[in-house]
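Asks: Per numbering that gives the first Met the number 0, the very first residue in the sequence shown carries number 0; after that it's consecutive.
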Amino acid sequence: MDPTDTDLLSSPRPSRAIRALMLLGLPLALMLFGAWPRERFDPVETASVLLAQSLLADGDRTLDPEDNRRILAWRDASPSTVSGDSRRELEGVDEDIPYPRLAASGNGEFGVPLAYGLYLAPFVAVGGVVGAYLGHGLLVVGLFALLGAYWRPRLFDDTPWVLALFFVASGLLPASLHLRPEFFLGVVAVVLFALLYQGEALLGTSPEMYDDGKLRGGGVLARWLAIGALFAVLVVSASWLVALLVPIAATARRRRVGVSVLGAALLTMAVVGFLLLGSARLPALFPGLGTLDPRLWGWNLAYLAAGRHLGLGLYFAPLFLLLPWCGRAVGRRSLVAGVGLALVLLLWWQPHDLGGLPWTVGAGSLVVLYPVLLFLVDRPPRRWAAVITLAVAGAVFWPAWLHLRLPPADAQGRPLRVPPYFSPWLPWETTQSDLAAESSVSLSGLEVRVLNLAAWRGDDGGLRVLGGNWAELLLVSDAPVTGLRVEVEEQGGADIELRGAELRQTVLRPDGSVGFLLSVEEPRVWHIMPGSSGARYFRILTLNLPKAPRHPIRIGLGGVETAFLGDPSEDGTD
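(1) Taking the alpha helix (DSSP H) that residue 385 falls in, what are its first and last residues?
(2) If you pair each beta-carbon of the segment 125 to 134 with each one of the segment 335 to 350, do three or more pairs fall below 8 Å?
(3) Note down the Cα distance separating residue 557 from residue 505, rounded to an integer number of angstroms.
(4) Hey, is residue 242's beta-carbon within less than 8 Å of any beta-carbon in chain C?
(5) Would you say residue 418 and residue 395 are within 8 Å of each other, going by their C-beta atoms?
(6) Are residue 251 and residue 265 close, meaning C-beta to C-beta below 8 Å?
(7) Give the single residue among 117, 300, 344 and 501 whose Cα lies nearest to the Cα of residue 484.
(8) Per the contact definition of three or more C-beta pairs closer than 8 Å, is the segment 182 to 200 in contact with the segment 230 to 248?
(9) Residue 109: which of 140, 144, 120 and 53 sits nearest, CA to CA?
(10) Taking the alpha-carbon of residue 58 as reference, which of 26, 30 and 120 has the nearest alpha-carbon?
(11) To the nearest angstrom, how far is it from the Cα of residue 111 to the Cα of residue 118?
(12) In or out: residue 332 buried (at least 16 other Cβ within 10 Å) or exposed?
(13) Rounded to whole angstroms, what's the CA-CA distance from residue 532 to residue 493? Just pull it up for me.
(14) Please name the residue or residues paired with residue 368 in a DSSP beta bridge.
(15) Could I get the ranges of all uninterrupted beta strand (DSSP E) runs contained in the segment 522 to 555, with 3 residues as the minimum, in chain order?
(16) If you check the beta carbons only, do residue 141 and residue 186 fall under 8 Å apart?
(17) Taking only the alpha-carbon atoms, compute the straight-line gap between residue 320 and residue 310 and give it to the nearest angstrom.
(18) Just grab the DSSP bridge partners of residue 455 for me.
(19) Ordered along the chain, which non-local residues of its own chain (more than five positions away) have a Cβ less than 7 Å from that of residue 32?
(20) Return the bridge partner residues of residue 122 from the DSSP annotation.
(21) Restricting to Cα atoms, I'd like to know which of 46, 170, 144 and 486 is closest to residue 115.
(22) Can you pull the DSSP bridge partners for residue 333?
(23) Check residue 222 in the structure and name its three-state DSSP category.
(24) Tell me whether residue 378 sits in a helix, a strand or coil according to DSSP, three-state version.
(25) Taking residue 336 as the reference, which of 167, 227 and 248 has the closest Cα?
(26) Quick test of your reading: residue 486 and residue 555, contact by CB under 8 Å. State the CB separation rounded to the nearest angstrom.
(27) With DSSP collapsed to three states, give me the class of residue 349.
(28) So, does the segment 373 to 391 touch the segment 151 to 167, judging by three or more C-beta pairs under 8 Å?
(29) Buried or exposed: residue 41, going by 16 or more other Cβ atoms within 10 Å of its Cβ?
(30) What is the DSSP secondary structure of residue 78, counted as helix, strand or coil?
(31) Report buried or exposed for residue 544, applying the criterion of at least 16 other Cβ atoms within 10 angstroms of its Cβ.
(32) What is the DSSP secondary structure of residue 504, reduced to helix, strand or coil?
(33) Measure the C-alpha to C-alpha separation of residue 452 and residue 430 and round it to an integer number of angstroms.
(34) Since residue 516 and residue 482 are thought to touch, with beta carbons under 8 Å apart, how far apart are those beta carbons, to the nearest angstrom?
(35) Leaving out the 5 sequence neighbours to the left and right, which residues in its chain are closer than 6 Å to residue 228 when beta-carbon positions are compared?
(36) Between which two residues does the beta strand (DSSP E) containing residue 511 stretch?
Right, dumping it as structure tokens:
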């Protein structure tokens with residue numbers, strides 16, 4: 000290797016103490032920082048801890064009255080603890096904004112993989128919530144240790160720097176500080192592929208035992224049994240990860256692993272899957288076939304590339320800027336093929352749930368697959384590629400670097416994960432059912448989904464906006480509309496500021512309320528959604544009532560035809 004050409008840093012090389020600090024200090028610091036008592040947990044974090052508590056106390060994984068009592072006790076002990084994107088302490092707001100729904104699946108179970116709850120359970124038993132974060136932090140340390148062990152003979156002294164670059168400049172950094180089951184599955188996948196590609200070093204066996212295709216000793220059998228068990232954990236937690244069988248089978252074929260070893264591994268996988276799922280739930284392992292609608296696939300692919308929440312090109316920039324210059328690792332083609340097939344299965348089986356929840360940074364699916372792709376790195380990246388990666392990551396991640404432990408939005412609803420100069424330009428992923436905020440209001444033929452904290456659903460089912468703040472709304476309709484009507488109560492004032500629409504008329508009502516008639520263009524986004532027989536039409540409307548007091552203002556919204564815009568006498572409200 001020529002260090003002057005490919006090394007990440009120029010000479011002189013960093014001292015051994017600095018390299019050790021980079022390799023161990025960063026994950027340990029993140030582990031302790033994440034475990035430090037925090038003010039708020041999002042619904043996924045809450046569900047993760049409660050699942051572990053339920054497994055310890057009740058021996059089950061379903062939401063029941065005892066779990067509800069735990070939630071209430073936890074909330075009463077610290078009202079700001081069990082919280083999510085829908086609740087903030089807003090100065091001057093005297094109307095209670097409800098707590099978000101706890102993340103749960105449709106069958107009454109916690110919406111967290113069982114394997115993750117089982118992992119957290121002993122830590123929760125010893126240290127409660129802080130113990131859960133320490134257990135999650137151990138995953139960070141383990142990830143660094145495994146990748147460092149795999150890279151050290153290939154990257155030499157550059158290993159800590161390259162590993163830190165891949166970690167800090169991607170969605171792994173914020174995922175490491177929150178209880179994310181995707182991060183747990185990513186570490187499980189790293190252990191699997193470390194055994195697959197470097198099992199000789201990890202288990203003390205010799206690569207020569209593969210030369211004649213014969214099994215010598217128990218090391219190889221134990222290794223493949225472990226691979227089968229880990230693969231089962233991945234598949235029962237996220238069925239689309241079954242595609243990772245492609246690189247596993249390719250490696251087995253290349254290493255001449257005997258049929259008996261593969262059979263034992265597959266049997267282990269089946270037994271682990273049966274124990275984790277139970278016979279009654281085995282048919283639910285693989286979901287029904289999704290849709291092949293090209294419009295839905297097209298939007299999903301666009302959002303995966305540059306969506307506000309998914310955004311692989313933004314949140315996992317090292318994939319595109321470093322990997323092309325990282326040599327030709329063993330198993331490169333099969334690994335890329337397996338990851339690509341996994342994404343295809345995800346888009347096919349779960350087209351409306353790619354794991355890009357409002358409180359995550361980047362697609363949750365890539366938090367699983369990104370560490371696996373790091374096995375493609377087998378030589379240090381060039382300096383100029385690293386500089387480009389850091390520049391892109393800095394432009395996208397500086398809010399996350401400054402606010403690592405805060406929820407993804409501040410009290411005014413401005414996202415902290417996305418810089419303000421990116422937010423207006425990045426598309427909101429309309430294909431993702433969970434990316435709509437907790438509030439959803441039906442008004443005059445429109446379904447209104449709240450996209451930031453300056454708006455919410457009132458107790459009466461109506462829509463509230465916070466005066467003097469930009470409220471971002473996703474409007475969904477079964478048919479295209481050419482105009483919108485906004486009705487505002489008296490204290491909202493007669494001024495409105497708009498993005499995504501143009502004010503055509505202002506109508507003053509006898510009761511003091513104000514009607515705003517807006518003209519809009521044809522929606523650019525339309526595709527099918529769960530439960531709809533045909534395509535639905537989406538547009539984003541952002542509005543502000545600048546003269547309104549900083550209090551909840553009740554508004555009504557409706558879709559109208561173009562002809563209606565010329566008839567101000569029509570009295571329309573929700």
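No residue lacks a Cβ here, since even glycine has one placed at the ideal position from N, Cα and C.
Replies: Straight from the coordinates:
(1) For the purposes of this step, residue 385 is identified with residue 386 of the sequence shown, where counting begins at 1. 382 to 401 is the span of the alpha helix (DSSP H), which, as asked, contains residue 385.
(2) no
(3) In the sequence shown, residue 557 corresponds to position 558, counting from 1. In the sequence shown, residue 505 corresponds to position 506, counting from 1. Each residue's Cα considered, the two are about 15 Å apart.
(4) Going by chain labels, chain C is absent from the structure shown, which holds only one protein chain.
(5) Sequence index remark: in the sequence shown, residue 418 carries index 419 (1-based). Sequence index remark: in the sequence shown, residue 395 carries index 396 (1-based). Yes; because the gap between Cβ atoms is below 8 Å, this pair is in contact.
(6) Taking the first residue of the sequence shown as 1, we reach residue 251 at position 252. Taking the first residue of the sequence shown as 1, we reach residue 265 at position 266. Cβ atoms of residue 251 and residue 265: not closer than 8 Å.
(7) As a working note, residue 484 is residue 485 in the sequence shown. When only C-alpha atoms are compared, the closest one is 501.
(8) yes
(9) In the sequence shown, residue 109 corresponds to position 110, counting from 1. It is 53.
(10) Walking along the sequence shown from the start, residue 58 turns up at place 59. It is 120.
(11) Locating residue 111 in the sequence shown gives position 112, counting from the first residue. Locating residue 118 in the sequence shown gives position 119, counting from the first residue. Roughly 12 Å between the two C-alpha positions.
(12) For the purposes of this step, residue 332 is taken as the residue at position 333 of the sequence shown. Flag for residue 332 reads exposed.
(13) In the sequence shown, counting from the first residue as 1, residue 532 sits at position 533. In the sequence shown, counting from the first residue as 1, residue 493 sits at position 494. For residue 532 and residue 493, the distance between alpha carbons rounds to 39 Å.
(14) Numbered from 1 along the sequence shown, position 369 holds the residue referred to as residue 368. Answer by DSSP bridge pairing: none, since residue 368 is not bridged.
(15) 524 to 526 and 535 to 543
(16) Position 142 of the sequence shown, counted from the start, is the residue given in the question as residue 141. Position 187 of the sequence shown, counted from the start, is the residue given in the question as residue 186. Cβ distance < 8 Å, so residue 141 and residue 186 count as in contact.
(17) Here residue 320 is taken as the residue at index 321 of the sequence shown, counted from 1. Here residue 310 is taken as the residue at index 311 of the sequence shown, counted from 1. C-alpha separation (whole angstroms): 15 Å.
(18) On the sequence shown, position 456 is the one that residue 455 refers to. In the DSSP output, where bridge partners are listed per residue, residue 455 has 463.
(19) Against the sequence shown, residue 32 aligns to sequence position 33. These residues qualify, in order along the chain: 176.
(20) Mapped onto the sequence shown, residue 122 falls at position 123. The partner list for residue 122 (beta bridge, DSSP) is empty, contrary to what the question assumes.
(21) Within the sequence shown, residue 115 is the residue found at index 116, counting from 1. Nearest C-alpha to residue 115: 46.
(22) Sequence index remark: in the sequence shown, residue 333 carries index 334 (1-based). Bridge partners of residue 333: none, in fact.
(23) The residue labelled residue 222 in the question sits at position 223 within the sequence shown. Helix.
(24) Residue numbering aside, residue 378 sits at position 379 when the sequence shown is read from its first letter. If DSSP states are grouped into helix, strand and coil, residue 378 belongs with coil.
(25) Here the question's residue 336 lines up with position 337 in the sequence shown. The candidate whose alpha carbon is nearest that of residue 336 is 248.
(26) Counting from 1 along the sequence shown, the entry for residue 486 is found at position 487. Counting from 1 along the sequence shown, the entry for residue 555 is found at position 556. That belief holds up - the Cβ atoms of residue 486 and residue 555 are roughly 4 Å apart, short of 8 Å.
(27) If you number the sequence shown from 1, residue 349 lands on position 350. Coil at residue 349, not helix or strand.
(28) yes
(29) Indexing the sequence shown from 1 puts residue 41 at position 42. Buried.
(30) For the purposes of this step, residue 78 is taken as residue 79 along the sequence shown, with counting starting at 1. Its pLDDT being 43, under 50, residue 78 is placed unreliably in this model, and the value from its coordinates should be taken loosely. Residue 78: coil per DSSP, three-state reduction.
(31) Counting from one through the sequence shown, the residue named residue 544 turns up at place 545. It counts as buried.
(32) Counted from its first residue, the sequence shown places residue 504 at position 505. Here residue 504 sits in strand by DSSP.
(33) On the sequence shown, residue 452 is found 453 positions in, with the first residue counted as 1. On the sequence shown, residue 430 is found 431 positions in, with the first residue counted as 1. Straight-line Cα distance between these residues: approximately 21 Å.
(34) Numbered from 1 along the sequence shown, position 517 holds the residue referred to as residue 516. Numbered from 1 along the sequence shown, position 483 holds the residue referred to as residue 482. Confirmed, about 7 Å.
(35) As a working note, residue 228 is residue 229 in the sequence shown. Excluding positions up to five away in sequence, the list reads 267 and 271.
(36) Taking the first residue of the sequence shown as 1, we reach residue 511 at position 512. Run containing residue 511: none; DSSP gives neither H nor E here.
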